[in-house]
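In my numbering, the protein residues as written are 730 to 807.
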């Protein structure tokens, strides 16, 4: 995981609850669990890709992450 930076504490759960919203979070670590050979920058590109192209009726899944990685970077070298 990338190092964390000193940011002001935000209680994201409380902010969302106050607004009557929820959020499902996917991280670079999740992408790297699918393809550990990717860099953090590449994993971030995958997250941006799935955010842009996901089907709102289906959402984002592990399968979707894997397919996005293949779309962007091809099959892993064997």
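For glycine and all other residues, C-beta sits at the position ideal for the given N, C-alpha and C.
| Asked | Found |
| --- | --- |
| DSSP state of residue 800, grouped into three classes? | helix |
| Would you call the stretch 765-782 and the stretch 735-743 touching, i.e. three or more CB-CB distances under 8 Å? | no |
| Could you give the distance in angstroms between the alpha-carbon of residue 788 and the alpha-carbon of residue 800? | 17 Å |
| Taking buried to mean at least 16 other C-beta atoms within 10 Å of its own C-beta, is residue 736 buried or exposed? | exposed |
| My guess is that residue 763 and residue 791 are in contact by the Cβ rule of under 8 Å, so how many angstroms apart are they, rounded? | 7 Å |
| Which class does residue 766 belong to by DSSP, given the choice of helix, strand or coil? | coil |
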